[in-house]
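Worksheet for the structure shown next.
Numbering (this note's numbering), first residue to last: 1 to 92.
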């Protein structure tokens, strides 16, 4: 996966990450912890990478590897966006 693909993933999920922070702050009057963010974001992850149980049975190893790569890319982008949101919302 090249940097253009990664930038596209970040662009696709940036609104979701921003919404998680906005909604959590409105409901709880604080930023989510890293664990809270990951739990909330994981409920959105299938939307971007697709559920594992829908992979074709034939040639499963290839599909699982592709699924793992997409999932890893998604979480790397989500972690970067989470860090950006925390920085933007901090008092620094």
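Glycine residues also receive a C-beta, built at the ideal position from the N, C-alpha and C atoms.
Rounded to whole angstroms, residue 8 and residue 17 show a C-alpha spacing of 14 angstroms. For residue 4, the uninterrupted alpha helix (DSSP H) segment begins and ends at 3-28. Rounded to the nearest angstrom, the Cβ distance from residue 41 to residue 22 is 14 angstroms, too far for a contact under 8 angstroms. For residue 46, the enclosing alpha helix (DSSP H) has its first and last residue at 34-49.
DSSP places residue 31 in the coil class of the three-state scheme, outside both helix and strand. Residue 77 sits buried, since 16 or more C-beta atoms from the chains shown fall within 10 Å of its C-beta. Residue 85 counts as buried, since no fewer than 16 other beta carbons sit within 10 angstroms of its beta carbon.
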